[in-house]
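**Student:** First, the structure itself, so that you have it in front of you.
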Amino acid sequence: MSEHQANLIDGKAYAASLRERIGAAVTTLKAEHNLTPGLAVVLVGEDPASQVYVRNKGKQTLEAGMNSWEHKLDVSATEEEVLAIVDQLNNDPAVHGILVQLPLPDQIDADKVINTISPDKDVDGFHVINAGRLATGQSSLVACTPVGCVLLAKHALGDLSGVEAVVVGRSNIVGKPVAQLLLQENCTVTICHSRTKDLPEVCRRADLVIAAVGRPEMITGDWIKPGACVIDVGINRIETDEGKTRLVGDVAFASAAAVAGSITPVPGGVGPMTIACLLRNTVKAACAQAGVASPEL
Ligand code: NDP
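Residue 408 is where the sequence shown starts when you use the working numbering, and the numbers rise one by one after that.
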């Protein structure tokens, strides 16, 4: 008898097709409404991971036919300087989306900066007004990684109505918004965290597991209900026996794939969806600001 192997949910391919649809929508918006969506990214300091993210965001924004601006500030920049740039971008009609790359240096209050972005331009979906709109079921710009998770879960499972979903992690940027989105999709949602009792048992109830913990390979195959869908948000760099490093998720992939019905790999699962969903949010924000109907993406 051949060993069970879950279907691989290919986030890289899904994100590429989403970016293609976004590019086509941008072409139409330009031709029919003279509207070019534009995204401005603010980067403070020289954190290497942030620099890579910002470069990729700029590149993919331009590839989709949109305008892209990068504002780079020195690591010693003051809060006032960052707030002044956000204010200028809030008032620039060509800029439809503003993203301030996190983390920010210690002297800058990240919440204050995020909540200074106009909620209509908050394409990261982190503004307290957008979090509140999401929680109360109103139309809003929703955080990109959670949207990516739900798109992949729907791709694998179809309609999520009535699905028993377990979210491991309750951060403001992943766990909480992904749980809110799943609730909107009519899932029965359980949110777990570091104080949850008997986490493996809770996970075993799930038809859909979303892992957003930040602990390498914590969730193993014996936590997974046979046939469940597993979406792994974790990005953890670990050392190999050969002294090199490699990326792993929060799920022990091989053991989980032997039980699950479908599973995202790391890398190549949720990761590539984040920037694609950022571009999607920028198109939505541009359409809302221009009073144009947003394309289905
Ligand atoms: P946080 O550190 O902000 O949150 C982690 C959550 O996991 C917390 O709610 C914490 O619980 C919970 N947790 C920690 N340890 C345990 C445990 N032993 N058992 C149960 N729950 C636990 O992380 P983020 O949400 O920001 O990120 C999670 C992961 O996703 C990381 O690996 C990150 O790199 C990755 N990520 C990937 C993105 C992408 O694909 N583009 C984007 C964002 C994040 P408590 O609240 O009780 O402390």
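Every residue, glycine too, gets a C-beta built ideally from N, C-alpha and C.
How do the segment 631-642 and the segment 653-660 stand: do at least 3 beta-carbon pairs fall below 8 Å, yes or no?
**Tutor:** A contact exists between the segment 631-642 and the segment 653-660.
**Student:** Any idea if Q587 is buried or exposed, counting beta-carbon neighbours within 10 angstroms, 16 or more meaning buried?
**Tutor:** Per the 10 Å Cβ criterion, buried.
**Student:** Could you give the residue range of the beta strand (DSSP E) that holds L442?
**Tutor:** Note, L442: premise wrong, no beta strand (DSSP E); not H, not E.
**Student:** In this structure, what does DSSP give as the bridge partners for N643?
**Tutor:** DSSP output for N643 lists V655 as bridge partner(s).
**Student:** Specify the secondary structure class of N583 as computed by DSSP and reduced to three states.
**Tutor:** Position check: residue 583 holds Lys in this sequence, whereas Asn was assumed. K583: helix per DSSP, three-state reduction.
**Student:** Find out if the Cβ-Cβ distance for the pair V596, Q508 is shorter than 9 Å.
**Tutor:** Not closer than 9 Å, so no.
**Student:** Please output, in chain order, the residues near ligand 1 using a CB cut-off of less than 7 Å to any non-hydrogen atom of the ligand.
**Tutor:** Going along the chain, the residues that qualify are T552, V575, G576, R577, S578, I580, V581, G582, C599, H600, S601, R602, T603, L606, A619, V620, G621, R622, M625, V640, G641, I642, N643, D657, V677, G678, T681.
**Student:** Give me the residue from L511, C599, S547 with the minimum Cα distance to E453.
**Tutor:** Per the Cα distances, L511.
**Student:** Is the beta carbon of G676 less than 9 Å from the beta carbon of I416?
**Tutor:** Contact: yes.
**Student:** When you compare only the Cα positions, how much space is there between C694 and K479?
**Tutor:** About 27 Å.
**Student:** From the DSSP secondary-structure annotation, give me the bridge partner or partners of N474.
**Tutor:** In DSSP, N474 forms a bridge with G445.
**Student:** Out of curiosity, what's the CA-to-CA distance linking P378 and T552?
**Tutor:** There is no way to answer for residue 378, as the model of the chain reaches only from 408 to 704.
**Student:** Expressed to the nearest angstrom, what Euclidean distance is found between the alpha-carbon atoms of V493 and G634?
**Tutor:** For V493 and G634, the distance between alpha carbons rounds to 46 Å.
**Student:** Quick check on DSSP: helix, strand or coil for C743?
**Tutor:** One cannot answer for residue 743 here, as it falls past the ends of the chain, which runs 408 to 704.
**Student:** Identify whether I416 lies in helix, strand or coil by the three-state DSSP scheme.
**Tutor:** Residue state, collapsed to three classes: coil.
**Student:** Taking buried to mean at least 16 other C-beta atoms within 10 Å of its own C-beta, is V459 buried or exposed?
**Tutor:** Exposed: under 16 other Cβ atoms inside 10 Å.
**Student:** Can you tell me whether DSSP reads N670 as helix, strand or coil?
**Tutor:** Here the sequence assigns Ile to residue 670, which means Asn is not the residue at that position. Reduced to three states, the DSSP call for I670 is strand.
**Student:** What are the boundary residues of the alpha helix (DSSP H) that T552 is part of?
**Tutor:** From DSSP, the alpha helix (DSSP H) with T552 extends over 551-564.
**Student:** Can P526 and L496 be called in contact, C-beta distance under 9 Å?
**Tutor:** Their beta carbons are not under 9 Å apart, which means P526 does not touch L496 by this criterion.
**Student:** Which residues share a DSSP beta bridge with T597?
**Tutor:** Its beta-bridge partners are V573.
**Student:** Determine, using beta carbons only, whether V482 and V520 come nearer to each other than 9 Å.
**Tutor:** No.
**Student:** Taking C-alpha atoms, which residue in T603, V673, A432, V451 lies nearest to M473?
**Tutor:** Minimum Cα distance to M473 is reached at A432.
**Student:** My guess is that A619 and G576 are in contact by the Cβ rule of under 8 Å, so how many angstroms apart are they, rounded?
**Tutor:** The pair is a contact, with the Cβ atoms about 4 Å apart (cut-off 8 Å).
**Student:** Just mark I670 as buried or exposed, buried being the case when its beta carbon has 16 or more other beta carbons within 10 Å.
**Tutor:** Classification of I670: buried, given that the 10 Å Cβ count is 16 or more.
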